[in-house]
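Below is one structure; the comments refer to it alone.
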Amino acid sequence: MLTNNSECSCISTFCQRLCTYKTKETELSLSGYAVDMKEQNHLPSDQTGQNSTCNSTSTIYINLVLGCSCYFLSVQSGSWGKGRQDCRARGADLVIIDSLKEQEFLTKDIVKQESWIGLTDRNNEMTWKWIDGTPLTLKFWQKGQPDKGNGNPKWGEEDCAVIQPGMKADENWNDLRCDASRPWICGKAL
């Protein structure tokens with residue numbers, strides 16, 4: 001878990017350096033690249049020749065096919081709002097999924113358990129929008145979703161979206177109560 005702004009800045013700088021490094025050294029047919037920040041020996045050096053010194057136990061995911069995007073999967077769980085707050089503190093936001101390729105990458109390479117994404121209908125019921133205000137056009141809902149908990153008070157208002165593992169990439173979103181505790185995926189285009 002990143003604990004201070006210097007580590008967050010380090011992650012952003014690292015992602016930018018890695019994208020530059022990988023773009024120069026490999027073909028863009030690479031679907032994704034995961035970096036365990038605990039293993040410092042394989043990190044590209046910055047311009048001063050020093051390796052990254054991020055003190056994180058998290059994994060940063062880089063996708064070059066999608067235009068060099070950086071993703072972060074939290075190791076803790078919390079509400080949708082807590083996830084968004086954490087992503088913003090890192091200089092990113094909850095992930096916005098705007099292509100099937102990105103959806104497939106997240107499903108195949110990142111999602112290990114049900115995780116928050118940057119999609120909500122909190123402001124206008126059943127009008128789903130991304131956190132940047134973009135209306136939802138490309139949809140990957142499970143069959144029968146979003147269902148608002150089928151009106152059952154047991155499930156409450158389901159106004160925030162998660163992506164789920166172990167399902168077909170084109171139908172693995174579900175709506176949940178925003179105060180449910182889940183890990184989250186941050187995303188940032190570089």
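full-length UniProt numbering applies: residue 1 is where the sequence shown begins, and numbers increase by one. Just so you know, even glycine gets a beta-carbon here, dropped at the ideal spot from N, CA and C.
Quick test of your reading: residue 187 and residue 77, contact by CB under 8 Å. State the CB separation rounded to the nearest angstrom. For this step, residue 187 is matched to residue 187 along the sequence shown. For this step, residue 77 is matched to residue 77 along the sequence shown. About 18 Å; that fails the 8 Å criterion.
Is the beta carbon of residue 183 sitting closer than 9 Å to the one on residue 172? As a first step, residue 183 must be located in the sequence shown, where it is residue number 183. As a first step, residue 172 must be located in the sequence shown, where it is residue number 172. Result no, Cβ atoms of residue 183 and residue 172 do not sit closer than 9 Å.
Are there 16 or more other CB atoms within 10 angstroms of the CB of residue 102, so buried, or fewer, so exposed? The residue given as residue 102 occupies position 102 in the sequence shown. Per the 10 Å Cβ criterion, buried.
Quick check on DSSP: helix, strand or coil for residue 86? Within the sequence shown, numbered from 1, the residue matching residue 86 stands at position 86. DSSP places residue 86 in the helix class (H, G or I) of the three-state scheme.
Residue interval of the beta strand (DSSP E) (run including residue 188): Within the sequence shown, the letter at position 188 stands for residue 188. DSSP places residue 188 in the uninterrupted beta strand (DSSP E) bounded by 185-189.
Please classify residue 57: does DSSP put it in a helix, a strand, or coil? Here the question's residue 57 lines up with position 57 in the sequence shown. A caution first: residue 57 carries a pLDDT of 43, below 50, which makes its placement in the model too unreliable to give a value.
Bridge partner(s) assigned by DSSP for residue 129: Residue mapping note: residue 129 aligns to position 129 of the sequence shown, counting from 1. DSSP lists 120, 135 as the beta-bridge partner residues of residue 129.
Just how far apart, CA to CA, sit residue 139 and residue 118? Taking the sequence shown and counting its residues from 1, one reaches residue 139 at position 139. Taking the sequence shown and counting its residues from 1, one reaches residue 118 at position 118. Near 13 Å, if we compare the C-alpha coordinates of residue 118 and residue 139.
Grab the span of the alpha helix (DSSP H) containing residue 100 for me, first residue to last. Here residue 100 refers to the residue found at position 100 when the sequence shown is read from its first residue. Residue 100 -> alpha helix (DSSP H) spans 100-105.
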